[in-house]
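One structure is given below, encoded as structure tokens.
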Amino acid sequence: MKLVLAPMEGLTDPIMRDVLTHVGSFDWCVTEFIRVTDSVLPDHVYHNYCPELLNDGKTAAGTPVHVQFLGNNPEMLAANAIRAVELGAPAIDMNFGCPAKTVNRHRGGSVLLDEPEVVHMLVKAVRDAVPSHIPVSAKMRLGYMDRNFTLENAHAIEDAGAAWVTVHARTKAEGYTPPAFWDQLQPIREALKINVIANGEIWTNTDAKQCQLESGCEDLMIGRAAVTTPDITQCIRKNTDEPIITWDELLDLQIRFLNGPYKKEINMVGRYKQWLGMMSKHYPEAKELWNEVKRIKALIEIIEKLNVLKP
Ligand SMILES: Cc1cc2nc3c(=O)[nH]c(=O)nc-3n(C[C@H](O)[C@H](O)[C@H](O)COP(=O)(O)O)c2cc1C
Numbered sequence: 032m033k034l035v036l037a038p039m040e041g042l043t044d045p046i047m048r049d050v051l052t053h054v055g056s057f058d059w060c061v062t063e064f065i066r067v068t069d070s071v072l073p074d075h076v077y078h079n080y081c082p083e084l085l086n087d088g089k090t091a092a093g094t095p096v097h098v099q100f101l102g103n104n105p106e107m108l109a110a111n112a113i114r115a116v117e118l119g120a121p122a123i124d125m126n127f128g129c130p131a132k133t134v135n136r137h138r139g140g141s142v143l144l145d146e147p148e149v150v151h152m153l154v155k156a157v158r159d160a161v162p163s164h165i166p167v168s169a170k171m172r173l174g175y176m177d178r179n180f181t182l183e184n185a186h187a188i189e190d191a192g193a194a195w196v197t198v199h200a201r202t203k204a205e206g207y208t209p210p211a212f213w214d215q216l217q218p219i220r221e222a223l224k225i226n227v228i229a230n231g232e233i234w235t236n237t238d239a240k241q242c243q244l245e246s247g248c249e250d251l252m253i254g255r256a257a258v259t260t261p262d263i264t265q266c267i268r269k270n271t272d273e274p275i276i277t278w279d280e281l282l283d284l285q286i287r288f289l290n291g292p293y294k295k296e297i298n299m300v301g302r303y304k305q306w307l308g309m310m311s312k313h314y315p316e317a318k319e320l321w322n323e324v325k326r327i328k329a330l331i332e333i334i335e336k337l338n339v340l341k342p
């Protein structure tokens with residue numbers, strides 16, 4: 032069973048990937064999407080999105096990081112994929128799931144699911160461009176406004192030479208509103224020869240097992256739950272819904288996060304509070320801590336508070 036950390040713009044950035052792969056047992060992660068328009072991006076952009084490129088394409092814990100692109104220009108996607116691989120990307124993923132209005136207005140992300148032939152052309156352009164030992168994959172939703180082209184898109188991705196496809200089991204129109212339609216992945220899995228990785232609304236080990244049952248997919252991509260419950264991969268692998276890491280261990284993780292590299296202190300503090308807010312749904316201690324730190328603006332003060340809480 033492969034467990035993959037989902038790309039989440041503004042959430043699974045390099046610092047969060049470092050922390051989550053430090054504690055969790057992910058097989059690989061995927062960067063936040065890198066938007067490609069009409070140029071080959073400079074190296075510093077790649078190193079911003081994926082500093083792991085300077086570490087053999089892996090997080091400090093040794094988990095490979097795949098580089099994700101979003102765009103609709105085949106030549107530029109191909110040229111950027113070549114550059115990413117030259118810089119050390121172990122695999123390339125292509126985004127056909129983003130629901131953001133601005134992205135879709137520029138014909139990027141999930142809107143392309145209405146044009147399976149374009150999906151095919153873009154994946155093929157990248158597949159043909161990068162060396163054959165570098166896997167190229169794609170991430171799609173069930174469709175844009177409807178599910179009319181689900182199988183066409185899946186076939187388009189497979190026929191273009193993708194090594195696997197990850198499917199978020201909802202259309203763009205269904206957004207992030209539960210449920211995710213895991214059973215809708217079954218026909219895709221049956222139709223394709225390549226692997227299908229299931230994604231969407233897996234919050235617990237029980238969800239993971241139910242998703243595997245309904246979808247027939249063994250491999251799973253986990254998004255928000257990895258942030259709210261950083262031990263979710265261990266729970267799934269050990270087949271338990273009981274917490275595996277303690278709150279004290281989570282405090283260490285938070286300190287690791289807060290010691291990560293940042294450009295602006297205010298952004299780092301904001302990111303930490305965002306994470307604490309998400310963990311509050313699951314851990315009562317996080318809720319208490321949130322009330323204590325919500326007005327603090329200095330990073331060092333938060334770190335001191337966490338150190339005091341440690342046994
Ligand atoms: C804040 C946020 C940002 C996201 N950014 C991306 C992205 O950059 N690329 C992508 O393919 N999917 C992105 N997604 C979608 C997730 O990868 C995933 O498909 C979705 O959250 C469903 O999985 P989950 O229920 O396990 O969270 C994003 C989701 C969220 C919540």
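Position 307 of the sequence shown, counting from 1, maps to 338 under this note's numbering, and the rest follow consecutively.
Beta carbons: idealized from backbone N, C-alpha and C, even for Gly.
These numbers were taken from a predicted model, which means no experiment stands behind them.
Collapsed DSSP secondary structure at residue i in the structure displayed
| i | result |
| --- | --- |
| LEU42 | coil |
| CYS81 | coil |
| ARG326 | coil |
| PHE64 | coil |
| SER168 | strand |
| ALA187 | helix |
| LYS89 | strand |
| GLY140 | helix |
Cβ pair residue i, residue j closer than 8 Å
| i | j | result |
| --- | --- | --- |
| VAL157 | ALA109 | yes |
| ILE228 | ASP262 | no |
| LEU330 | GLU296 | yes |
| PRO105 | PRO45 | no |
| TRP278 | SER246 | no |
| ARG287 | HIS137 | no |
| THR208 | ARG178 | no |
| VAL96 | THR90 | yes |
| HIS151 | ALA204 | no |
| GLU189 | LYS224 | yes |
Cβ neighbours of residue i in the same chain (closer than 8 Å, five flanking residues each side left out)
| i | result |
| --- | --- |
| LEU101 | PHE64, ILE65, ARG66, VAL67, MET125, ASN126, CYS129, VAL134, GLY139, GLY140 |
| GLU183 | PRO147 |
| GLN217 | GLU245, SER246, GLY247 |
Buried or exposed (CB count within 10 angstroms, at least 16 for buried), residue i
| i | result |
| --- | --- |
| ARG326 | exposed |
| ASP58 | exposed |
| ALA160 | buried |
| SER70 | exposed |
| TYR303 | buried |
| MET299 | buried |
| GLU221 | exposed |
| MET310 | buried |
| TYR175 | buried |
| GLY301 | exposed |
| ALA122 | buried |
| ASN103 | buried |
| PRO162 | exposed |
Cβ separation of residue i and residue j, assumed to be a contact under 8 Å, to the nearest whole Å
| i | j | result |
| --- | --- | --- |
| VAL154 | LEU173 | That pair is no contact at about 18 Å. |
| GLY187 | ILE219 | According to the sequence displayed, residue 187 carries Ala and not Gly. Not a contact, Cβ separation roughly 12 Å. |
| VAL258 | MET47 | 7 Å |
| ILE333 | LEU284 | Contact flag wrong, Cβ pair sits at about 14 Å. |
| LYS328 | LEU282 | LYS328 to LEU282, Cβ: 20 Å. No contact. |
Nonlocal neighbours in the same chain, by C-beta distance under 6 Å from residue i, ignoring five residues either side
| i | result |
| --- | --- |
| ASN168 | Checking the sequence, you will find Ser at residue 168 rather than Asn. ASP124, ALA193, ALA194, TRP195. |
| PRO292 | none |
| ARG114 | VAL71 |
| LYS318 | SER311 |
| ASN226 | TRP195 |
| THR181 | LEU173, GLY174 |
Proximal residues to residue i (C-beta, below 7 Å), its chain only, five neighbours per side dropped
| i | result |
| --- | --- |
| ALA256 | ILE233, TRP234, ILE263 |
| LEU84 | TYR77, HIS78, LEU118, GLY119, ALA120 |
| ASP272 | THR235, ASN236, THR237, CYS266 |
| TYR80 | THR62, GLU63, ILE65 |
| GLY88 | PRO95, VAL96, GLY119, ALA120, PRO121 |
| LEU337 | LEU282, GLN285, ILE286 |
Closer than 7 Å: residue i CB and nearest ligand 2 heavy atom
| i | result |
| --- | --- |
| ARG255 | The model on display carries ligand 1 but not ligand 2. |
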